[in-house]
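To start, the structure under review is shown below, and the notes come after it.
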Amino acid sequence: MTRRPGFTLLEMLVAMTLLAFIMVAGQQAIALAARAAAPRGDGGHSFLVRHQIADWLETSMPIRSSRRERAPLVFAGEPASVRFVTDLPERFGMAGPHVMTLAQAPGGLLATWQPLRPGGEAPVDQRLMLEGVTRVSFRYWDGSDDRGWHDSWAPGPRLPTMIQMNFEGGAAQAWPPILVVLKNQGY
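Here it is, written out as structure tokens:
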């Protein structure tokens, strides 16, 4: 008996089953890639803003509130706000030291800044940095005593060693606390 050229029914069923598995796997891979590439909420904006805020705090400058030798530094920390001096970059025409305030606002985290000018008032600018944040808290580490973290930091002769920032609400639920070590201690 001679065999006719072609495939048997069993071979055709096996081939079609394998082809169906490959098609399903390909479709799932494409769907997974599409979900992974889809934009996430703010597209990383909140990460960049938190990084920028940490940079501002890290470069806080120990500038005194007046020319007197024992005058306190321009730095005040409260549980929901912090006021400090930092050197803003030249972009956007804002070069030089500015007094910054980061505080909780009804819509999120509000940043206000004004140029540090001796003896004169300067215009104040503000911007809502992180929207949807319902609670902002700051804690201050004093490395010179055993008491550790403080809920507030009064203006005095030096800056805290470290600041902890906590954000709650909205996308902030998944954010860990941000710890910032200040570079300029003002000793």
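Numbering that gives the first Met the number 0 numbers the first residue of the sequence shown as 0 and each following residue consecutively.
Backbone N, C-alpha and C define an ideal beta-carbon position, used for all residues, glycine too.
Residue pairing by DSSP places P114 opposite H97 in a beta bridge. Annotated as proximal: P96 and I62, with beta-carbon spacing under 8 Å. Here R146 carries a coil assignment [DSSP, helix/strand/coil]. Ranked by Cα distance from L178, the options W148, T7, A153 and V13 are led by W148. For D141, the secondary structure class from DSSP, reduced to helix, strand or coil, is coil. Distance from M164 to P176 at the Cβ level is roughly 7 Å; contact confirmed, criterion being Cβ atoms closer than 8 Å. By alpha-carbon distance to L129, the top candidate from L17, I52 and I29 is I52. Classified as exposed, A24 has fewer than 16 neighbouring CB atoms from the shown chains inside 10 Å of its CB. Contact between L158 and S59 holds, with the beta-carbon distance rounding to 6 Å and staying under 8 Å. In this structure, the CA atom of L101 is about 10 Å from the CA atom of R126. Going by DSSP, F6 is part of no alpha helix (DSSP H) at all; its letter is neither H nor E.
By alpha-carbon distance to G169, the top candidate from P105, G131, A28 and G5 is G131. Beta-bridge annotation (DSSP): M164 is paired with F137 and I177.
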